[in-house]
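Peer 1: What follows is a structure written as structure tokens; I'll ask about it next.
What follows is the structure, given as structure tokens:
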């Protein structure tokens with residue numbers, strides 16, 4: 102377990118820019134909630150709320166992408182990182198799941214900022230964000246595997262669009278948001294399992310290709 | 004003292020077409036692992052750590068398949084190519100001791116003794132990010148040698164040492180092999196002494 106602490110500590114120290122983004126989102130959300138105390142024009146408040154929510158979603162996706170980029174290193178460094186932690190007793194599976202859990206924890210902290218903005222607690226947004234993060238993580242690993250980052254960025258753009266408009270080849274956000282909780286959990290757990298299995302497959306494959314010098 | 008067969012390989016061909024020469028390493032052997040391409044030595048490390056599959060041939064450590072051996076049988080560190088961000092090197096030593104279920108003070112004292120012996124005692128007060136490549140090589144060597152293991156992998160340990168430090172390291176390695184461990188020196192440069200060698204190559 103102590104080597105797991107090393108992974109977490111390494112990520113926390115490395116991601117100073119992401120923590121600054123976390124602070125920025127918090128200030129943004131809080132300032133919007135405090136706006137009605139200073140402005141009485143409801144039209145202006147509505148506009149500020151709309152702009153800040155849009156800005157928040159864009160910043161959110163950017164921060165998650167930056168965080169995933171730090172989680173999944175370039176192939177050359179990934180090889181040495183894998184061997185380093187393997188020598189400390191952390192297998193490939195443990196390393197992969199530790200990173201996935203760190204990513205999801207980070208996403209949940211950011212989501213808490215969104216709740217301040219919305220001033221409501223809705224589980225469906227948590228589930229949607231869990232899917233989005235797992236999806237981004239998976240696409241980063243696929244891009245690593247085929248050695249083409251454009252796959253990551255282009256599909257990421259489509260995933261961001263799917264937050265606003267359902268694109269059926271990607272997780273259907275409209276369905277997830279509207280379906281009753283029980284059905285949402287069923288489909289999300291299926292997506293989650295599929296994404297974890299695919300991500301793990303590509304994680305192992307991409308590492309193995311790098312480890313034996315095929316990349 | 005009877006020697007136990009620690010590492011054995013016959014007709015080995017790994018994924019990617021990498022080959023290892025036939026060798027039988029006993030406890031107390033000092034082995035030189037070399038290759039025409041230094042990058043191929045990484046494949047040997049990955050293989051010993053159980054990360055690379057065997058396509059042909061056989062290999063085992065202490066009679067067991069490579070993938071089945073406990074991780075604490077092998078001691079390996081390479082801070083040159085990658086290291087986690089840490090406040091101080093002492094944190095890494097403590098985590099290392101904890102992962103091997105050893106007393107932190109024992110590992111730390113041994114680590115400091117070896118580090119001072121090879122002339123890198125100043126590194127204890129440095130941040131990993133600010134260290135030169137040579138210092139990281141010395142740190143990696145000291146870390147590996149401060150943990151008792153059956154198999155120790157040293158990456159170019161003599162490359163950055165002066166004559167006096169090299170003699171100290173010589174003596175330490177000899178003590179380790181006399182205690183029954185096997186030391187594998189991974190280097191493109193032939194070390195001053197060894198009794199077996201393994202060449203990592205590519206199958207034509």
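Residue numbers (my numbering), protein chains in the order written: chain A, 102 to 316; chain B, 4 to 207.
Ideal Cβ placement from N, Cα and C applies to all residues, glycine included.
What residue range does the alpha helix (DSSP H) around residue 146/B cover?
Peer 2: 136-148
Peer 1: By the 10 Å Cβ neighbour count, where 16 or more other Cβ atoms means buried, how is residue 18/B classified, buried or exposed?
Peer 2: buried
Peer 1: Could you check what DSSP says for residue 193/A in three-state terms: helix, strand or coil?
Peer 2: If DSSP states are grouped into helix, strand and coil, residue 193/A belongs with the helices.
Peer 1: Starting from the Cα of residue 301/A, find the closest Cα among 125/A, 192/A, 211/A, 128/A and give me that residue.
Peer 2: Cα-wise, what sits closest to residue 301/A is 192/A.
Peer 1: Let me know the secondary structure DSSP gives residue 56/B once reduced to three states.
Peer 2: coil
Peer 1: Hey, how far is the Cα of residue 63/B from the Cα of residue 230/A?
Peer 2: 46 Å
Peer 1: Just checking my contact of residue 228/A with residue 126/A at CB under 8 Å: how many whole Å lie between their CB atoms?
Peer 2: Not a contact, Cβ separation roughly 20 Å.
Peer 1: Please list, in chain order, the residues of the region 185-199 of chain A that have any C-beta partner in chain B closer than 9 Å.
Peer 2: For chain B, the residues of the region 185-199 of chain A that bring a beta carbon within less than 9 Å of one of its beta carbons are 185, 186, 187, 188, 189, 190, 191, 192, 193, in chain order.
Peer 1: Whose C-alpha, out of 195/A, 166/A, 224/A, is nearest the C-alpha of residue 285/A?
Peer 2: Closest option to residue 285/A, Cα to Cα, is 224/A.
Peer 1: Compile a chain-ordered list of the residues in the region 242-272 of chain A whose CB is closer than 7 Å to at least one CB of chain B.
Peer 2: none
Peer 1: Suppose contacts are defined by Cβ-Cβ distances below 8 Å. Is residue 78/B in contact with residue 9/B by that definition?
Peer 2: Taking 8 Å as the Cβ cut-off, residue 78/B and residue 9/B do not qualify as a contacting pair.
Peer 1: Sorted by chain position, which residues of the same chain lie with C-beta nearer than 8 Å to residue 185/B's C-beta, five sequence neighbours on each side aside?
Peer 2: 9, 10, 28, 29, 30, 31, 32, 33, 34, 153, 154, 155
Peer 1: State the Cα-Cα distance for the pair residue 123/A and residue 253/A, rounded to the nearest angstrom.
Peer 2: 23 Å
Peer 1: On a Cα-Cα basis, can you pick out the residue from 137/B, 182/B, 171/B that is closest to residue 163/B?
Peer 2: 137/B
Peer 1: Are there 16 or more other CB atoms within 10 angstroms of the CB of residue 37/B, so buried, or fewer, so exposed?
Peer 2: Answer is buried; the Cβ neighbour count reaches 16.
Peer 1: Using the C-alpha atoms, what's the distance from residue 176/A back to residue 311/A?
Peer 2: 6 Å
Peer 1: Of the choices 166/A, 154/A, 106/A, whose alpha-carbon is the least far from that of residue 101/B?
Peer 2: 106/A
Peer 1: List, in order along the chain, the chain A residues whose C-beta lies closer than 9 Å to that of residue 160/B?
Peer 2: Going along chain A, no residue has its Cβ under 9 Å from residue 160/B, so there is no contact; the nearest lies around 16 Å.
Peer 1: Residue 183/A to residue 196/A, Cα distance in whole Å?
Peer 2: 8 Å
Peer 1: Count the other C-beta atoms from every protein chain shown that fall within 10 angstroms of the C-beta of residue 207/A, then say buried if there are 16 or more, exposed otherwise.
Peer 2: buried
Peer 1: Measure from the alpha carbon of residue 70/B to the alpha carbon of each residue in 59/B, 55/B, 81/B, then state which is nearest.
Peer 2: 55/B
Peer 1: Out of 190/A, 166/A, 198/A, which one is the CA nearest neighbour of residue 75/B?
Peer 2: Each of 190/A, 166/A, 198/A was checked against the Cα of residue 75/B, and the nearest Cα belongs to 190/A.
Peer 1: Under 8 Å, with one C-beta from each stretch per pair, do the region 288-302 of chain A and the region 237-247 of chain A reach the 3-pair mark?
Peer 2: yes
Peer 1: Taking only beta-carbon atoms, is residue 60/B less than 8 Å away from chain A?
Peer 2: no
Peer 1: Under 8 Å, do residue 3/B and residue 159/B count as touching if we go by C-beta distance?
Peer 2: In the structure displayed, chain B extends from 4 to 207; residue 3/B sits before or after that span and is not available.
Peer 1: Using CA coordinates, which residue listed in 157/B, 206/B, 196/B, 181/B is at the minimum distance from residue 80/B?
Peer 2: With distances taken between Cα atoms, residue 80/B lies closest to 157/B.
Peer 1: Should residue 139/A be labelled buried (16 or more other beta-carbon atoms within 10 Å of its own) or exposed?
Peer 2: exposed
Peer 1: Which residue marks the beginning of the alpha helix (DSSP H) containing residue 199/B, and which one marks its end?
Peer 2: Unbroken run through residue 199/B is the beta strand (DSSP E), 199-205; no alpha helix (DSSP H).
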